[in-house]
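> Numbering (this note's numbering), first residue to last: 23 to 612.
For every residue, glycine included, the Cβ atom is placed at its ideal position computed from N, Cα and C.
Predicted, not measured: the structure shown is a model, and the values here were computed from it.
(1) Go ahead and pull the three-state DSSP assignment for residue 386.
(2) Under three-state DSSP, which class holds residue 624?
(3) Is the distance from the Cβ of residue 76 to the Cβ of residue 114 below 8 Å?
(4) Any heavy atom of the ligand NAP closer than 7 Å to the Cβ of residue 294?
(5) Check whether the Cβ atoms of residue 566 and residue 535 sit closer than 8 Å, and answer yes or no.
(6) Have a look at residue 381 and residue 370 and give me their C-alpha separation to the nearest angstrom.
(7) Please name the residue, chosen from 82, 139, 90, 183, that lies closest to residue 383 on a Cα-to-Cα basis.
(8) If you draw a straight line from the C-alpha of residue 38 to the C-alpha of residue 498, how long is it?
(9) Look at residue 495 and residue 394 and say whether their C-beta atoms are less than 8 Å apart.
(10) Below 8 Å on the Cβ atoms is my contact criterion, and I expect residue 331 with residue 161 to pass it. Report the Cβ-Cβ distance as a whole number of Å.
(11) Give me, in chain order, the residues of the same chain whose beta-carbon lies closer than 7 Å to that of residue 608; leave out the 5 immediate sequence neighbours on both sides.
(12) Leaving out five residues before and five after residue 602 in sequence, what residues of the same chain have Cβ atoms less than 7 Å from its Cβ?
(13) What residue range is occupied by the uninterrupted alpha helix (DSSP H) comprising residue 212?
(14) Could you compute how far the alpha carbon of residue 218 sits from the alpha carbon of residue 349?
(15) DSSP three-state label for residue 535, please.
(16) Classify residue 558: buried if its beta carbon has 16 or more other beta carbons within 10 angstroms, exposed otherwise.
(17) Hey, could you find the ends of the alpha helix (DSSP H) residue 319 is sitting in?
(18) Counting only runs of 3+ residues fully inside the region 95–181, write out the beta strand (DSSP E) ranges in chain order.
(19) Smallest Cα separation from residue 28: which of 196, 257, 322?
(20) Whole angstroms is fine: what's the gap from residue 339's alpha carbon to residue 222's?
(21) Once you ignore the five residues that flank residue 571 on each side, which residues in its own chain have a CB closer than 6 Å to its CB?
(22) How big is the Cα-Cα spacing for residue 610 and residue 199?
(23) When you compare the CB positions of residue 568 and residue 584, do they come within less than 8 Å of one another, or not?
(24) By Cβ distance, which residues of its chain are closer than 6 Å to residue 71, with the 5 residues on each side in sequence left out?
(25) Name the DSSP beta bridge partners of residue 41, please?
(26) Looking at the structure shown, is residue 346 part of a helix, part of a strand, or coil, going by DSSP?
(27) DSSP puts residue 373 in a beta bridge; with which residues?
(28) Let me know the secondary structure DSSP gives residue 608 once reduced to three states.
(29) Can you pull the DSSP bridge partners for residue 270?
(30) Please identify the residue among 295, 106, 480 whose C-alpha is closest to the C-alpha of residue 266.
(31) Measure from the alpha carbon of residue 40 to the alpha carbon of each residue in 373, 470, 186, then state which is nearest.
(32) Check the DSSP bridge columns for residue 412 and list the partner residues they point to.
(33) Compare the Cα-Cα distances from residue 462 to each of 431, 481, 508, 480 and report the closest residue.
(34) Extract the residue ranges of the alpha helix (DSSP H) inside the region 414–456, only unbroken runs of 4 or more that lie entirely within it.
(35) How big is the Cα-Cα spacing for residue 67 and residue 82?
(36) Taking only three categories from DSSP, how would you classify residue 275?
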């Protein structure tokens, strides 16, 4: 494994009052610290290099925290440097990350189970009750196999997140892909600005519900209290280096909206002549990603999280030769280890006394949605059955769904071309059509022999992990199937898996919609539970053969029949196994 030096970088930076993309290549020096005792010297070198007329671009790992304050605790990820900066003569302006750069990722799997996460949140609440802490930013790591170009992943993250503090670091066989929306610190002359982010709620696919979600965040006593607590901590941190009386809150409880969530931010400013090394000593690690009080809370984080955070919740940014400086807080950030073929994404949230463990887990899942959004290569998909006598089964329902999804994802769709391709199918026997529609309007129609599905009942396990009912990809049929693939990976020997949501409602299987016979009626869960609006399901609802009703595990105990339905396979009887044992799905830390 090569030295973790920054070989090139691409980041957003403010120049002349406007944010722009800057690209850095051909470093003239590298500054690296792999041990805590070398971190202060590395920061001092970085400051001297900038004062000498160079740009200094790179990262400070969360695990470097004890180097700035020896009372702070942090576990260590050995393969992630504590500090790594590249020293550059000058950047060139860039249009930002391109669409090029192919890569592959698998399902993102957590480093701890749902029960373990909930237990940790309950433990934190007990520590709060005992007076040990007031707030703990507790996090987990998601890991995925990775192959390809990390710059491609970075570009997809940026487009998915639409954040203003994004940065990419090429470190040879390692890379940092940060699409962070959170500002750790900006320095311009003697003006310091920090914009902590605390308080989050997921976006909803329905515009009216989405507006209500944002309104709820503005009125959430829990989120307002959390944000205020962190603002006070940032004021205190800045006060350690600020001119007397200069610390002020210029914006309190502002709402920012991103493609996957709404979040609450506040802006704290101060006047100080301190340089980068002194600023980091006063403020790092950031208040919003530790908790209150900071020192004791870092001890709790170290004990409960187990794994070190590495770059997650550290800082990525640049020091400019003109004296300006800007670093993000490395959230919405993926660390790529190319040697090991693994990518890691940290995600967490603030836990306070009145936190609901299930809601905290839901927040973590909201913040992970960017990983699903971050795939520019996904395509819309329609799978249809075709016969010589009847043509395409439920053709117009399939095309209506395709058009709706195209509008949602802003895909170009050439419906006349789609119809032309479908009209051209000419076979002597039944077949399967697989229609793939890309964002640029290109369409591919695959024709396959119709398989024999049979009528033998399937034994289908109930998944051990819930889906999030607001996850946008549940409502659209695409080639991006991480949710379904993750469920199937937990039960690799089963033909299908039954899913349920965070409220305990049954939703669908990984291959079709669910129908159960209950009280003499055939019922299916409503789409609002978080499931694909299947074309066969829509047809049966319109004809009155089935009706909608929320279903729970208890309903499985008293129903008199269960089926998986879709437009290709029809009705497949299934037998639900409620206590199936899932296979292990953990990945070793990179």
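Considering the structure as presented:
(1) For the purposes of this step, residue 386 is taken as the residue at position 364 of the chain shown. In the structure shown, the three-state DSSP call for residue 386 is helix.
(2) Because residue 624 is not part of the residues shown, which for the chain are 23 to 612, the question remains open.
(3) The residue you call residue 76 lines up with position 54 of the chain shown. The residue you call residue 114 lines up with position 92 of the chain shown. Against a cut-off of 8 Å, the Cβ pair of residue 114 and residue 76 comes out as no contact.
(4) The ligand NAP is not among the ligands present in this structure, which contains no ligands whatsoever.
(5) In the chain shown, the residue the question calls residue 566 occupies position 544. In the chain shown, the residue the question calls residue 535 occupies position 513. No, these two residues do not count as a Cβ contact at 8 Å.
(6) On the chain shown, position 359 is the one that residue 381 refers to. On the chain shown, position 348 is the one that residue 370 refers to. Cα to Cα, the separation comes out at about 12 Å.
(7) For the purposes of this step, residue 383 is taken as the residue at position 361 of the chain shown. Selected option, being the one with the closest Cα: 139.
(8) For this step, residue 38 is matched to residue 16 along the chain shown. For this step, residue 498 is matched to residue 476 along the chain shown. Spanning the two alpha carbons is a distance of roughly 43 Å.
(9) Here residue 495 refers to the residue found at position 473 when the chain shown is read from its first residue. Here residue 394 refers to the residue found at position 372 when the chain shown is read from its first residue. Going by C-beta atoms, residue 495 is nearer than 8 Å to residue 394.
(10) Along the chain shown, one-based indexing puts residue 331 at 309. Along the chain shown, one-based indexing puts residue 161 at 139. Right, the Cβ-Cβ distance comes to about 7 Å (below 8 Å), so this counts as a contact.
(11) Locating residue 608 in the chain shown gives position 586, counting from the first residue. Confidence in residue 608 is poor, its pLDDT being 49 and thus under 50, which makes the residue's placement too unreliable to answer from.
(12) Position 580 of the chain shown, counted from the first residue, corresponds to residue 602. Hits under 7 Å: 483, 484, 513.
(13) Locating residue 212 in the chain shown gives position 190, where the first residue counts as 1. For residue 212, there is no enclosing alpha helix (DSSP H), as DSSP marks it with neither H nor E.
(14) What you label residue 218 is simply residue 196 of the chain shown in a count that begins at 1. What you label residue 349 is simply residue 327 of the chain shown in a count that begins at 1. A direct Cα-Cα distance of roughly 12 Å separates residue 218 from residue 349.
(15) The sequence position of residue 535 within the chain shown is 513, counting from 1. Note: residue 535 maps to strand in three-state DSSP.
(16) As a first step, residue 558 is located in the chain shown; it is residue number 536 there, counting from the start. By the neighbour-count rule (16 or more Cβ atoms within 10 Å), residue 558 is buried.
(17) Taking the chain shown and counting its residues from 1, one reaches residue 319 at position 297. According to the DSSP assignment, residue 319 belongs to the alpha helix (DSSP H) that extends over 316–327.
(18) With a minimum length of 3 residues, the continuous beta strand (DSSP E) runs that stay inside the region 95–181 are 105–110, 114–116, 125–127, 157–170.
(19) In the chain shown, counting from the first residue as 1, residue 28 sits at position 6. Relative to the Cα of residue 28, the nearest Cα in the group 196, 257, 322 belongs to 196.
(20) Mapped onto the chain shown, residue 339 falls at position 317. Mapped onto the chain shown, residue 222 falls at position 200. Going by the C-alpha atoms only, they are around 24 Å apart.
(21) Residue numbering aside, residue 571 sits at position 549 when the chain shown is read from its first letter. The residues 545, in chain order, have a CB closer than 6 Å to that of residue 571 in the same chain once the five nearest residues on each side in sequence are set aside.
(22) Numbered from its first residue, the chain shown carries residue 610 at position 588. Numbered from its first residue, the chain shown carries residue 199 at position 177. Confidence at residue 610 is low in this model, with a pLDDT of 49, below 50, so its placement is unreliable and the value that follows should be read with caution. So the alpha carbons of these two residues sit roughly 20 Å apart.
(23) Looking up residue 568 in the chain shown gives position 546. Looking up residue 584 in the chain shown gives position 562. No; because the gap between Cβ atoms is not below 8 Å, this pair is not in contact.
(24) Here the question's residue 71 lines up with position 49 in the chain shown. Taken in chain order, the residues that qualify are 78, 109.
(25) On the chain shown, position 19 is the one that residue 41 refers to. Note: residue 41 sits in a beta bridge opposite 36.
(26) For the purposes of this step, residue 346 is identified with residue 324 of the chain shown, where counting begins at 1. Three-state DSSP puts residue 346 in coil, outside helix and strand.
(27) Within the chain shown, residue 373 is the residue found at index 351, counting from 1. DSSP lists 158 as partners of residue 373.
(28) Here residue 608 refers to the residue found at position 586 when the chain shown is read from its first residue. Interpretation of residue 608 is limited by its pLDDT of 49, a score under 50 that renders its predicted location unreliable; the figure taken from the coordinates is listed afterwards. Coil.
(29) Here residue 270 is taken as the residue at index 248 of the chain shown, counted from 1. DSSP lists 291 as the beta-bridge partner residues of residue 270.
(30) Translated into the one-based positions of the chain shown, residue 266 becomes position 244. Checking every option, the nearest Cα to that of residue 266 belongs to 295.
(31) Position 18 of the chain shown, counted from the start, is the residue given in the question as residue 40. Here the closest residue by C-alpha is 186.
(32) Working through the chain shown from its first residue, we reach residue 412 at position 390. Beta-bridge pairing links residue 412 to no other residue.
(33) Here the question's residue 462 lines up with position 440 in the chain shown. It is 431 whose Cα lies nearest to the Cα of residue 462.
(34) The region 414–456 contains, as complete alpha helix (DSSP H) runs of 4+ residues, the segments 417–431, 437–445 (chain order).
(35) Walking along the chain shown from the start, residue 67 turns up at place 45. Walking along the chain shown from the start, residue 82 turns up at place 60. If you take the alpha carbons of residue 67 and residue 82, they lie about 14 Å apart.
(36) Position 253 of the chain shown, counting from 1, holds the residue named residue 275. Shown here, residue 275 sits in a strand according to DSSP, grouped into three states.
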